[in-house]
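Number of protein chains: 2
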Amino acid sequence: MLTSSVENYLKAIYYLQHESGWANTSAIADHMTVANPSVTMMLKRMAAMQPPLISYTPYEGARLTPAGEKQALEVIRVHRLMETFLVRVLGYTWDEVHADADRLEHASSPLLIERISALLGDPVRDPHGEDIPDRNGLLPNRSELPLTNLIAGQSGRITRVAADRPEILRYLGEIGLNLDVTVEVLEKAPFEGPLTVHSSESGSDHALGREITNRIFIDAAH
Amino acid sequence: MLTSSVENYLKAIYYLQHESGWANTSAIADHMTVANPSVTMMLKRMAAMQPPLISYTPYEGARLTPAGEKQALEVIRVHRLMETFLVRVLGYTWDEVHADADRLEHASSPLLIERISALLGDPVRDPHGEDIPDRNGLLPNRSELPLTNLIAGQSGRITRVAADRPEILRYLGEIGLNLDVTVEVLEKAPFEGPLTVHSSESGSDHALGREITNRIFIDAAH
DNA sequence: AACCTTAATTAGGATATGCTAATATTATAC
DNA sequence: GTATAATATTAGCATATCCTAATTAAGGTT
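Residue numbers (the numbering used here), protein chains in the order written: chain A, -5 to 216; chain B, -5 to 216.
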């Protein structure tokens, strides 16, 4: 069985690899709030495991092997199931779930995971709209685009909010930007400036910087 | 914050102290399936903590300080809440809960604990009939006696089953010896021999050794 | 092509937890 | 009251994970 630490590295590498195709030492260190040498050590260990979880090229970085990706998807499945459970069963808000899910994900037996999934009706989306891998690690293909990509006058349904900081999630919830809400872009300031959007839920308008609108995703199926 | 390891030692010391008034090195080592020297080391560390969790006398053993007892009761509270949750919400049987609760108890935030307790209606008894300490670590006083102490012809309600091994719990469940079931002692063999008991739940009779009947408790309020 | 910057690695150490083998202490038995 | 058995501790070592400081490698500049 993998240690929690290894599971956390797997998650980090998975995310970085899916953002930029490659996970280098500093990026992992940043993502995990850990010093660089700790990452180097761990990458070597993970590459030396039987079977190897990553392939590692010094001075370049790491990529998940198929075995590593399978494990990473399992951890992500549990994390997202836990977040869903915390919101749906225990009444957490979407900004409260992350830290607790992070701990629970390392303390879950296969039985617990199955029971939680069944209790929730085998959910496919967590409280932030992230896909929940199924038992086999399969993710649905979705078509969505960042809110930033809409032009003024366009509107769409929020399918995912990939904000990492709880404060941002709380703020978005407060101004009515929740999952499945329809938003309309009223104005898009030039020079990479903010977007002014209207929430159908709250009925109010708000200006949002692009660091945020890049992380709010809209159904592209229209 | 305490590590899981320290939390486990606290639990072990608490149990041993309540069984025999004192927790010595070997007993702790046995209870935790760990080598003796590991225990000695840990006891020293726990006695040196600020505030000390135990008082430790070399070659004698350990006792919880008030601070240690408070922490131990908190861990036990979480453990028993988790067991209750696993049974009531996730449909575990009483023999399946222990290992999972053992891991979850170390991964629970204060918020999680409060929410679970509230969801369950602040339960006071876990699936084995063990008392759940309240938020302040207080335990109700109960009057109960081991099934062994009944004489032939007496009957009573099962209030607690302190069997540690899951196989025993499973067996007891199968023959209808569950919490709150009324049992009658039909026969009590001499020379510390087995008791033959009748379960009102299953309607069947079974002979049980005293290692088991010592761990089944009956309401003494009658 | 030598130089500099940035990023990554190695060197050396710390902490928490476990182990086995060797030693010391306490308790028991004559 | 000494010898022995049972129990506990110390010594020495291992692993997983983290750290800081020093060194090395890679990539871009002149």
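By construction, the Cβ of each residue, glycine as well, lies at the ideal position given by its N, Cα and C atoms.
Under the Cβ distance rule, residue 85 (chain B) counts among the residues neighbouring chain A, one pair being separated by less than 8 Å. In terms of beta-carbon proximity, residue 103 (chain A) lines the interface with chain B, with at least one pair separated by less than 8 Å. One thing to note: residue 173 (chain B) has its Cβ within 8 Å of the Cβ of residue 123 (chain B). Between residue 145 (chain A) and chain B, the shortest Cβ-Cβ separation is not below 8 Å. Contact annotation: residue 125 (chain A) and residue 133 (chain A) have beta-carbon atoms nearer than 8 Å. Rounded to whole angstroms, residue 160 (chain B) and residue 89 (chain B) show a C-alpha spacing of 5 Å. Here residue 145 (chain A) is exposed: its Cβ has fewer than 16 other Cβ atoms, across all protein chains shown, within 10 Å. Annotated as proximal: residue 121 (chain B) and residue 81 (chain B), with beta-carbon spacing under 8 Å. Non-local C-beta neighbours of residue 175 (chain B) in its own chain, meaning closer than 8 Å and more than five positions away in sequence, comprise 151, 152, 193, 194 and 195, ordered along the chain.
Counting along the chain, the unbroken beta strand (DSSP E) around residue 151 (chain A) starts and ends at 149 to 155. Nearest Cα to residue 55 (chain A) within the set A:30, A:18, A:69 and A:79: A:18. Of the candidates A:154, A:178, A:-3 and A:185, the residue whose Cα lies closest to the Cα of residue 69 (chain A) is A:-3. It is roughly 45 Å from the alpha-carbon of residue 117 (chain A) to the alpha-carbon of residue 44 (chain B). Under DSSP, residue 122 (chain A) takes part in no beta bridge, so it has no partner.
When Cβ-Cβ separations below 8 Å define contact, residue 98 (chain B) makes contact with chain A.
Between the C-alpha atoms of residue 0 (chain A) and residue 13 (chain B) there is a straight-line separation of about 39 Å. The beta-carbon of residue 37 (chain B) is placed no less than 8 Å from the nearest beta-carbon of chain A.
DSSP links residue 73 (chain A) through a beta bridge to no other residue. Interface with chain A (8 Å Cβ-Cβ cutoff): residue 4 (chain B) is excluded.
Straight through space, the alpha carbons of residue 77 (chain B) and residue 5 (chain A) are spaced by roughly 29 Å. Beta-bridge pairing by DSSP links residue 50 (chain A) to A:56. Here the alpha carbons of residue 109 (chain A) and residue 91 (chain B) stand approximately 13 Å from one another. Boundaries for residue 212 (chain A): no alpha helix (DSSP H) harbours it, while the beta strand (DSSP E) harbouring it runs 210 to 213, taken from the DSSP string.
Here DSSP, grouped into helix, strand and coil, assigns residue 99 (chain A) to coil.
The beta carbon of residue 74 (chain A) is closer than 7 Å to those of 120, 124 and 126 in its chain, skipping five residues each way along the sequence. Annotation for residue 79 (chain B): 110 and 114 place their beta carbon closer than 7 Å to its own, counting only its chain and skipping 5 residues before and after. Interface with chain B (8 Å Cβ-Cβ cutoff): residue 107 (chain A) is excluded. Using beta-carbon distances, residue 120 (chain B) does not count as an interface residue toward chain A, since no partner is under 8 Å. For residue 163 (chain B), the uninterrupted alpha helix (DSSP H) segment begins and ends at 160 to 168. Put simply, the CB of residue 94 (chain B) is near chain A, with a gap under 8 Å to one of its CB atoms. If you check the CB distance, residue 66 (chain B) and residue 46 (chain B) do not come in under 8 Å. At a cut-off of 8 Å, the C-beta of residue 113 (chain A) has a neighbouring C-beta in chain B. Neighbourhood of residue 70 (chain B) in chain A, by CB distance below 7 Å: empty, with the nearest CB roughly 17 Å away. For residue 190 (chain B), the pairing in a beta bridge is given by DSSP as B:181 and B:201.
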